[in-house]
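Enquirer:
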Amino acid sequence: MILTDYLTCKKSLQWDYAKQAGISHAVIRLPEDDNFDVTKKEHWEQLYWKFVNYGFKPEVIEPMPNSVHDHIKIGDSFRDESIEKVIKMFPIMDQLDIRIICMNFMAHIGWYRTTSIIKERGGALVTGFDIDKAQIDPTLTIRKEQLWYNLEYFLKAVVPYAEKYGIKLGIHPDDPPVQKLGNVSRILTSLENVQKAIDLYPSKSVGVSLCQGTFATMGEDVIKVIKQFCRQDKVFFVHFRDIRGTKTKFHETFHDNGQTNMVKVVKAYRDCNFNGPIRVDHVPTMSGEDNSNPGYASIGRLFAIGYLKGLLEGSDYSYK
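Per the working numbering, residue 18 is the first one in the sequence shown, and the count goes up by one each step.
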């Protein structure tokens, strides 16, 4: 297994914390500004060496850059132009040996919560969702049939090139996995539908970013999910997190305080010989920390990394 941390392109204290916690691999977010062109190799190289020179090997791009992906998900007039940009990313990624893109297919609205100030253990703050409290712009709209069409259109266009360059598209389930947010449909809301998505274009380049917390929110047995996708060699990347509740009302938790048996989870990955990247996800904001970016503070992340490393070592599961 490859232990990673999620790092933005701008150097921060989290870069230091990750190194101090023993992390040497990174999940990176590409810049979303006019100074970074996803089709320009020199822009990628500058960013790549920034991470490498600090001691991190980039393993995953997360998310698919919104500047191109948003057009693809809603299927607007910029879709084909955006798809061409995605295709041009692949040979650059191949040359830099970055093999995985973590992508979702949530149109208009990404991962969504109704609160970020639920008190978890000891008063640490976590995010939560209550569908009855969701406030969604009523002008945003898309039907599920259109989403399925747009996803298949995208996969048919890009997967032959992903195969050519050895790039893997890890599809992330919808978070929260509800059928609709306002007038915005969601499609990747069940184990069955995520399986349907990766079956739209059968390929070694199409698989899942296995977000444990989202599958738990669906009410799925996370161990079953792991085994199902591992049998198909479709687990490309893992988000290690947990929740308590259901898809319509839940809150996130410390990684050792959710409804999933994390010991069994780690052993399931070990038993199916998963050797891909994993990162801890959506951590509590601890006392004294800034809660302006809920789920991505530092102290809770350090706790989660240490907890995961302990589970791996206790399960005799090698990692790097």
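No residue lacks a Cβ here, since even glycine has one placed at the ideal position from N, Cα and C.
Please look up how many angstroms separate the CB atoms of F107 and Y182, rounded, as I've assumed it's under 8 Å.
Expert: Walking along the sequence shown from the start, residue 107 turns up at place 90. Walking along the sequence shown from the start, residue 182 turns up at place 165. Yes, they are in contact, since the Cβ atoms of F107 and Y182 sit about 4 Å apart, within 8 Å.
Enquirer: Taking a contact to mean a Cβ-Cβ separation below 8 Å, would you say G293 touches H256 in this structure?
Expert: The sequence position of residue 293 within the sequence shown is 276, counting from 1. The sequence position of residue 256 within the sequence shown is 239, counting from 1. Against a cut-off of 8 Å, the Cβ pair of H256 and G293 comes out as no contact.
Enquirer: Taking Cβ to Cβ, would you say R46 is nearer than 8 Å to M123?
Expert: Here residue 46 is taken as the residue at index 29 of the sequence shown, counted from 1. Here residue 123 is taken as the residue at index 106 of the sequence shown, counted from 1. Not closer than 8 Å, so no.
Enquirer: Which residue comes first and which comes last in the beta strand (DSSP E) that contains I260?
Expert: For the purposes of this step, residue 260 is identified with residue 243 of the sequence shown, where counting begins at 1. Element bounds for I260: I260 to T263.
Enquirer: For T158, which residues in the same chain have their Cβ closer than 7 Å to its Cβ, ignoring the five residues on either side in sequence?
Expert: Along the sequence shown, read from residue 1 onward, the residue named residue 158 stands at position 141. Closer than 7 Å at Cβ, skipping near neighbours: N200 and V201.
Enquirer: Name the one or two DSSP bridge partners that V297 has.
Expert: Stepping through the sequence shown from its first residue, residue 297 is reached at position 280. Answer by DSSP bridge pairing, in chain order: F257.
Enquirer: Mind pulling the beta strand (DSSP E) runs of 3 or more residues that sit fully within the stretch 186 to 235?
Expert: DSSP runs (the beta strand (DSSP E)) wholly in the stretch 186 to 235: 200 to 202 and 223 to 228.
Enquirer: Please determine if the stretch 233 to 253 and the stretch 280 to 294 are in contact, where contact requires at least 3 C-beta pairs separated by less than 8 Å.
Expert: Short answer: they touch.
Enquirer: Please name the residue in F95, R130, Q163 and L164 whose C-alpha comes closest to that of Q152.
Expert: Along the sequence shown, one-based indexing puts residue 152 at 135. Taking only the C-alpha atoms, the option nearest Q152 is R130.
Enquirer: Return the CA-CA distance between S220 and G139, expressed in angstroms with no decimal places.
Expert: The residue you call residue 220 lines up with position 203 of the sequence shown. The residue you call residue 139 lines up with position 122 of the sequence shown. C-alpha separation (whole angstroms): 46 Å.
Enquirer: Check whether the Cβ atoms of T56 and K105 sit closer than 8 Å, and answer yes or no.
Expert: Here residue 56 refers to the residue found at position 39 when the sequence shown is read from its first residue. Here residue 105 refers to the residue found at position 88 when the sequence shown is read from its first residue. Against a cut-off of 8 Å, the Cβ pair of K105 and T56 comes out as a contact.
Enquirer: Indicate whether at least one CB of chain B lies closer than 8 Å to the CB of G39.
Expert: In the displayed structure, chain B is absent; only one protein chain is listed.
Enquirer: Look at the Cβ atom of F100, then the Cβ atom of V175, and state whether they are nearer than 8 Å.
Expert: Position 83 of the sequence shown, counted from the first residue, corresponds to residue 100. Position 158 of the sequence shown, counted from the first residue, corresponds to residue 175. It is worth fixing the name first, because residue 100 is Ile in this sequence and not Phe. Yes, Cβ-Cβ distance for I100 and V175 is below 8 Å.
Enquirer: Indicate the three-state DSSP secondary structure (helix, strand or coil) for Y286 in the structure shown.
Expert: Locating residue 286 in the sequence shown gives position 269, counting from the first residue. Y286 falls in the helix class under three-state DSSP.
Enquirer: Which residues bound the beta strand (DSSP E) around M120?
Expert: As a working mapping, residue 120 is identified with position 103 in the sequence shown. From DSSP, the beta strand (DSSP E) with M120 extends over I117 to M120.
Enquirer: Go through its chain and collect everything with a Cβ distance to I215's Cβ below 7 Å, but skip five positions before and after it.
Expert: Counting from one through the sequence shown, the residue named residue 215 turns up at place 198. Within the same chain, I215 has close Cβ partners I188, V223, G224, V225 and K251.
Enquirer: Expressed to the nearest angstrom, what Euclidean distance is found between the alpha-carbon atoms of I240 and D51?
Expert: One-based indexing of the sequence shown puts residue 240 at position 223. One-based indexing of the sequence shown puts residue 51 at position 34. Those two C-alpha atoms are separated by around 42 Å.
Enquirer: In whole angstroms, what separates the C-alpha of I126 from that of S332?
Expert: For the purposes of this step, residue 126 is identified with residue 109 of the sequence shown, where counting begins at 1. For the purposes of this step, residue 332 is identified with residue 315 of the sequence shown, where counting begins at 1. Going from the Cα of I126 to the Cα of S332 covers about 38 Å.
Enquirer: Using beta-carbon positions only, say whether F271 and I260 come within less than 8 Å of one another.
Expert: Looking up residue 271 in the sequence shown gives position 254. Looking up residue 260 in the sequence shown gives position 243. No, these two residues do not count as a Cβ contact at 8 Å.
Enquirer: Is there contact here, the stretch 163 to 178 with the stretch 136 to 150, by at least three beta-carbon pairs under 8 Å?
Expert: At 8 Å Cβ cutoff, the stretches do not touch.
Enquirer: Quick one, are the C-beta atoms of E169 and L217 less than 8 Å apart?
Expert: Mapped onto the sequence shown, residue 169 falls at position 152. Mapped onto the sequence shown, residue 217 falls at position 200. Yes, they are a contact pair.
Enquirer: What does V242 pair with, by DSSP beta-bridge criteria?
Expert: On the sequence shown, position 225 is the one that residue 242 refers to. None, per the DSSP bridge assignment.
Enquirer: Relative to the alpha-carbon of Y71, which residue among D298, T132 and S29 has its alpha-carbon at the smallest distance?
Expert: Position 54 of the sequence shown, counting from 1, holds the residue named residue 71. Taking only the C-alpha atoms, the option nearest Y71 is S29.
Enquirer: Are the beta-carbon atoms belonging to V44 and R296 less than 8 Å from one another?
Expert: Taking the sequence shown and counting its residues from 1, the one referred to as residue 44 is at position 27. Taking the sequence shown and counting its residues from 1, the one referred to as residue 296 is at position 279. Yes, these two residues count as a Cβ contact at 8 Å.
Enquirer: Would you give the residue range spanned by the alpha helix (DSSP H) that P75 belongs to?
Expert: Here residue 75 is taken as the residue at index 58 of the sequence shown, counted from 1. No alpha helix (DSSP H) holds P75; the beta strand (DSSP E) holding it covers K74 to I78.
Enquirer: Just to confirm, are P80 and C119 a CB contact at a threshold of 8 Å?
Expert: Looking up residue 80 in the sequence shown gives position 63. Looking up residue 119 in the sequence shown gives position 102. Contact: yes.
Enquirer: Starting from V85 and walking both ways along the alpha helix (DSSP H), at which residues does that stretch end?
Expert: Numbered from 1 along the sequence shown, position 68 holds the residue referred to as residue 85. Note, V85: alpha helix (DSSP H), N83 to I91.
Enquirer: With a cut-off of 8 Å on the beta carbons, I'd call I322 and A38 a contact; round off their distance for me.
Expert: As a position in the sequence shown, residue 322 is number 305, starting the count at 1. As a position in the sequence shown, residue 38 is number 21, starting the count at 1. With 8 Å as the limit, I322 and A38 qualify as a contact, their Cβ atoms being about 5 Å apart.
Enquirer: Is the beta carbon of T21 sitting closer than 8 Å to the one on E76?
Expert: Working through the sequence shown from its first residue, we reach residue 21 at position 4. Working through the sequence shown from its first residue, we reach residue 76 at position 59. Yes. Within cutoff.
Enquirer: Which word fits G312, buried or exposed, when buried means at least 16 other C-beta atoms lie within 10 angstroms of its C-beta?
Expert: The count along the sequence shown starts at 1 and reaches residue 312 at position 295. Counting Cβ neighbours within 10 Å, G312 comes out buried, since at least 16 surround it.
Enquirer: Going by C-alpha to C-alpha distance, which of D307, E306 and M279 sits closest to G327?
Expert: As a working mapping, residue 327 is identified with position 310 in the sequence shown. If we check each option's Cα against that of G327, M279 comes out closest.
Enquirer: Can you have a look at I134 and say buried or exposed, based on whether 16 or more other CB atoms are within 10 angstroms of its CB?
Expert: Here residue 134 is taken as the residue at index 117 of the sequence shown, counted from 1. I134 is exposed by the Cβ-count criterion.
Enquirer: Please state if the CB of T265 and the CB of A233 are separated by a distance shorter than 8 Å.
Expert: Your numbering for residue 233 matches position 216 in the sequence shown. Your numbering for residue 265 matches position 248 in the sequence shown. No, they are not a contact pair.
Enquirer: Hey, H299 and R258 are a contact pair by Cβ (cut 8 Å); roughly how many whole angstroms apart?
Expert: Sequence index remark: in the sequence shown, residue 299 carries index 282 (1-based). Sequence index remark: in the sequence shown, residue 258 carries index 241 (1-based). The Cβ separation is near 5 Å, so the contact holds.
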